[in-house]
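In terms of UniProt numbering, the sequence shown is residues 1 to 134.
Inspection log for the structure reproduced underneath, given as C-alpha cells.
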Amino acid sequence: MAWTFDSVKTLIETQENWVVESEGDCLSVSNDEGVDAFVYAGEQQLVVETPLFPLSKVNQPDALNLLVLKTHQLLPLTTIGIKHIGDEDYYVAFGSLSIDSKDTVVLEEIETLFLNVAEFIELYSDYLIQETHA
C-alpha cells in the first residue's frame, strides 16, 4: 500500500501519546514531551522532519557543520540538514522512507526522530548561543 496524507494521518492518530494536526499538505505530530515533527507523504517517499534550532543561534557555524558531518550517523534513522523556514535558516533533523513502507516502519521513523532530537541538541549544545536572562 502506498501511503497518502489521509492514510498516514489515520495511522498516526492511533498513537495515544501523539497529537496530530493538519498543516497544509503536512501533518504536525507532537509527542507528550512537546517535540513536534512534520510528516509529508510525497509521491515516492515519506519525510519526517523537526526543526532543531535556528542558524542564528549558532556561535560557530563552520565548526558545528563539521561536527554534524562527523557525528550525524551516530543516531539511527535520522540525518541533519539546513532548511529555510519562514525568514530564517534552521538546522533540521529528518528521516525519509519509502512510500510503500510498512506501518510499523513509519511509526518507528517518527518515534526515533522524537528520541533523537534531544540527543542532537545535547550533542551540539556547545555551539548554541546561550540566552541570558536579566
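By construction, the Cβ of each residue, glycine as well, lies at the ideal position given by its N, Cα and C atoms.
May I have the straight-line CA-CA distance separating residue i from residue j, to the nearest angstrom?
i   : j    : result
P54 : F114 : 18 angstroms
I82 : Y91  : 4 angstroms
G95 : S125 : 21 angstroms
D87 : N65  : 21 angstroms
K9  : V105 : 15 angstroms
V58 : D89  : 11 angstroms
With residue i as the anchor, note down where its alpha helix (DSSP H) starts and where it stops.
i   : result
P61 : P61 to T71
V8  : F5 to I12
What would DSSP say about residue i, mapped onto helix, strand or coil?
i    : result
L27  : strand
I110 : helix
T50  : strand
E21  : strand
According to the Cβ coordinates, are residue i and residue j closer than 8 angstroms?
i   : j   : result
W18 : S28 : no
So that I know if they touch, is there some Cβ in chain B lying closer than 8 angstroms to that of residue i?
i   : result
Q15 : No chain B appears in the structure shown, which is made up of a single protein chain.
In terms of residue numbering, what span does the beta strand (DSSP E) encompassing residue i cover?
i   : result
S96 : E88 to S98
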